[in-house]
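In full-length UniProt numbering, the protein residues as written are 1 to 166. Positions of the beta carbon are idealized from the N, C-alpha and C atoms, including for glycine. Source: prediction; values computed, not measured. Take a look at the structure set out below.
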């Protein structure tokens with residue numbers, strides 16, 4: 001694991017700054033999303049914050065599993081139930097929110113899903129890595145470092161053998 005010099009540390013205070021600055025990028029770009037689609041789990045906080053900052057009350061989440069541990073991931077991301085298919089997304093402008101575009105594979109899966117279901121989709125992330133295969137329209141910071149997010153900088157209070165209901 002990376003030592004402290006190789007880490008990007010995001011505090012809750014900086015997270016609040018990132019949300020407001022990202023929302024301002026969206027506003028300045030003239031994009032008016034009808035829905036903020038958060039990628040669970042990392043994008044949930046960002047999606048909520050953007051919903052408030054952009055006055056978008058239509059929020060949804062999509063669960064994609066890729067990382068199975070610290071720097072341990074599946075070969076390809078997998079979309080998990082429940083998917084947003086229960087909601088009619090046709091004709092909507094969607095803002096896809098995630099914490100980081102690292103490999104970009106998770107964002108690509110969600111963008112491909114949206115391409116078949118929505119009018120227009122754009123992506124927003126707090127961090128973008130230089131090697132990502134997807135480059136979101138809205139990025140707060142670019143880094144090569146390992147990122148310590150405030151919600152995952154400490155280990156879970158409990159360890160579940162299965163983190164999913166299904």
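If we ignore side chains and look at the alpha-carbon of each, how far apart do residue 91 and residue 34 end up? 9 Å
Rounded to whole angstroms, what's the CA-CA distance from residue 22 to residue 76? Just pull it up for me. 28 Å
If I follow the unbroken beta strand (DSSP E) through residue 93, where does it start and stop? 93-101
Within the continuous alpha helix (DSSP H) that includes residue 28, where are the two ends? 12-29
Limits of the unbroken beta strand (DSSP E) element including residue 120: 120-128
Residue 36 by DSSP, collapsed to three states: which one? strand
Buried versus exposed, by CB contacts within 10 Å (16 or more), residue 119: Exposed, by the Cβ-count rule.
To the nearest angstrom, how far is the alpha carbon of residue 160 from that of residue 63? Those two C-alpha atoms are separated by around 18 Å.
Can you grab the Cα-Cα spacing for the pair residue 12 / residue 88, in whole Å? 34 Å
So, are the CB atoms of residue 129 and residue 97 less than 8 Å apart? no
Applying the 10 Å Cβ sphere with the 16-neighbour rule, what's the burial state of residue 115? exposed
What are the boundary residues of the beta strand (DSSP E) that residue 108 is part of? That residue, residue 108, is in no beta strand (DSSP E); its alpha helix (DSSP H) goes 105-115.
Give the DSSP bridge partners of residue 76, in chain order. Its beta-bridge partners do not exist; DSSP assigns none.
Return the CA-CA distance between residue 122 and residue 156, expressed in angstroms with no decimal places. 32 Å
Do you know whose CA, among 94, 131, 103 and 125, lies nearest residue 113's CA? When 94, 131, 103 and 125 are compared, the shortest CA-CA separation from residue 113 is found for 94.
Please state the DSSP three-state secondary structure of residue 50. helix
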